[in-house]
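Peer 1: Take a look at this one; I'll ask things after.
What follows is the structure, encoded as structure tokens:
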């Protein structure tokens, strides 16, 4: 397996500087953001690479001698958003990332399944998490009717370019658990759409990432190493679906998600938090996670995603890299 880093946490520095950070951590891969919620900071010549062999070769030359190579592309976003300035743009980012992957000799593009509105003419998304009433099932029927044609199209495009599209099982997406994955594949007949196994989003849903890997098997195309700590003192009062987020004002630092949608501030008394590897689950657990991934694909790409706000950018990567490398050593022993 190739162990690396998803580069979003290193967008504050140049690509050569980011590659040095990763090499110094003893890791060998970088997953490059190529659109969606975040700009393609480290691939500024993307449009040129798509049409020019010289531009492609110049870009790939940046990796020579660094000990770090590209380990997949990432364009997480919402390609099914009902507002075209978000949905259509993110959908095109996926198409462009697939074409870029082929140009760069890559075979994995990570994204999300997306989430439509709840009915024709909607302008906001609608995430149904507990469809106990018939109206909620009507919403889901409509949303699957939107999703299936899109993912059929993307599957054909990915197949034509020898790329596998790996969907992160993320909240506020139509596909966020194993049943949804099976349903998407069944309804689309997909051969080149599967899963990016990001353990973090499974933990807080009370899913076991190791069990999910073994259940989905060859549908797992790619993996992210990110941990979650459940804060039981708050979870027992608010549950894991707590909505105590704060809207950030325009004069505060905030992340744009497309159009006029922005990331909110995390709850102060959170039921759960993203943490560096080892702060939610120990090294032995991560070894079992890597072992399950290796059973599916001995060449699986596994990249650290750092979102532990209690640790600095490099500090968090150092903590996660040590746990991941120690876990890999246990698997290899």
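Numbering (the numbering used here), first residue to last: 174 to 506. We put the CB at the ideal spot given by N, CA and C, even for glycine.
Which same chain residues, not among the five before or five after residue 465, have their C-beta less than 6 Å away from its C-beta?
Peer 2: Counting from one through the chain shown, the residue named residue 465 turns up at place 292. The answer, listed in chain order, is 383, 386 and 387.
Peer 1: If you run the structure through DSSP and keep just helix, strand and coil, what is residue 296?
Peer 2: As a position in the chain shown, residue 296 is number 123, starting the count at 1. Coil at residue 296, not helix or strand.
Peer 1: Apart from the five residues on each side of it in sequence, which residues of its chain come closer than 7 Å, Cβ to Cβ, to residue 404?
Peer 2: Mapped onto the chain shown, residue 404 falls at position 231. If we look at residue 404 and ignore the five residues flanking it on each side, its Cβ neighbours are 443, 444, 445 and 446.
Peer 1: Quick one: grab the DSSP three-state call for residue 281.
Peer 2: Here the question's residue 281 lines up with position 108 in the chain shown. Strand at residue 281.
Peer 1: For residue 202 and residue 450, which I take to be in contact (beta-carbon distance under 8 Å), what is that distance rounded to the nearest angstrom?
Peer 2: Here residue 202 refers to the residue found at position 29 of the chain shown. Here residue 450 refers to the residue found at position 277 of the chain shown. Not confirmed; about 16 Å, so no contact.
Peer 1: The alpha helix (DSSP H) that contains residue 368, what's its start and end?
Peer 2: As a first step, residue 368 must be located in the chain shown, where it is residue number 195. No alpha helix (DSSP H) holds residue 368; the beta strand (DSSP E) holding it covers 366-371.
Peer 1: Thinking residue 191 and residue 183 are a contact (beta carbons under 8 Å), I'd like their distance in whole angstroms, please.
Peer 2: Against the chain shown, residue 191 aligns to sequence position 18. Against the chain shown, residue 183 aligns to sequence position 10. Yes, they are in contact, since the Cβ atoms of residue 191 and residue 183 sit about 4 Å apart, within 8 Å.
Peer 1: May I have the straight-line CA-CA distance separating residue 282 from residue 408, to the nearest angstrom?
Peer 2: Within the chain shown, the letter at position 109 stands for residue 282. Within the chain shown, the letter at position 235 stands for residue 408. Rounded to whole angstroms, residue 282 to residue 408 spans 34 Å at the Cα level.
Peer 1: Report the CB separation of residue 274 from residue 215 in whole angstroms; it is logged as a contact under 8 Å.
Peer 2: Counting from one through the chain shown, the residue named residue 274 turns up at place 101. Counting from one through the chain shown, the residue named residue 215 turns up at place 42. Not quite, the Cβ-Cβ distance comes to about 15 Å (not below 8 Å), so this is no contact.
Peer 1: To which residues does DSSP link residue 438 through a beta bridge?
Peer 2: Along the chain shown, one-based indexing puts residue 438 at 265. In DSSP, residue 438 forms a bridge with 419.
Peer 1: Grab the span of the alpha helix (DSSP H) containing residue 475 for me, first residue to last.
Peer 2: Numbered from its first residue, the chain shown carries residue 475 at position 302. Careful: residue 475 lies outside any alpha helix (DSSP H), inside the beta strand (DSSP E) at 474-477.
Peer 1: Assign residue 410 to one of two classes, buried (16 or more other C-beta atoms within 10 Å of its C-beta) or exposed (fewer than that).
Peer 2: Numbered from 1 along the chain shown, position 237 holds the residue referred to as residue 410. Under this definition residue 410 is an exposed residue.
Peer 1: Bridge partners of residue 445, per DSSP?
Peer 2: On the chain shown, position 272 is the one that residue 445 refers to. Bridge partners of residue 445: 403.
Peer 1: Whole-angstrom Cβ separation of residue 324 and residue 370, contact assumed at under 8 Å?
Peer 2: Within the chain shown, residue 324 is the residue found at index 151, counting from 1. Within the chain shown, residue 370 is the residue found at index 197, counting from 1. Wrong, their Cβ atoms sit about 18 Å apart, outside the cutoff.
Peer 1: Do the region 224-239 and the region 248-263 make contact, defined as three or more Cβ pairs closer than 8 Å?
Peer 2: no
Peer 1: I need the straight-line Cα distance from residue 459 to residue 494, nearest angstrom please.
Peer 2: Indexing the chain shown from 1 puts residue 459 at position 286. Indexing the chain shown from 1 puts residue 494 at position 321. In a straight line, the C-alpha of residue 459 is about 12 Å away from that of residue 494.
Peer 1: Taking 7 Å as the cut-off, is the beta-carbon of residue 437 closer than that to any non-hydrogen atom of the ligand GTP?
Peer 2: Among the components of this structure there are no ligands whatsoever, and the ligand GTP is therefore not found.
Peer 1: Please report the straight-line C-alpha distance between residue 270 and residue 181, rounded to a whole angstrom.
Peer 2: Counting from 1 along the chain shown, the entry for residue 270 is found at position 97. Counting from 1 along the chain shown, the entry for residue 181 is found at position 8. So the alpha carbons of these two residues sit roughly 16 Å apart.
Peer 1: Let me know if residue 372 comes out buried or exposed under the rule of 16 or more other beta-carbons within 10 Å of its beta-carbon.
Peer 2: Looking up residue 372 in the chain shown gives position 199. Residue 372 sits buried, since 16 or more C-beta atoms from the chains shown fall within 10 Å of its C-beta.
Peer 1: So the alpha helix (DSSP H) residue 341 belongs to, where does it begin and stop?
Peer 2: Within the chain shown, residue 341 is the residue found at index 168, counting from 1. Where residue 341 is concerned, there is no enclosing alpha helix (DSSP H), although the beta strand (DSSP E) it sits in stretches over 337-341.
Peer 1: From the DSSP output, which residues share a beta bridge with residue 395?
Peer 2: Counted from its first residue, the chain shown places residue 395 at position 222. DSSP output for residue 395 lists 369 as bridge partner(s).
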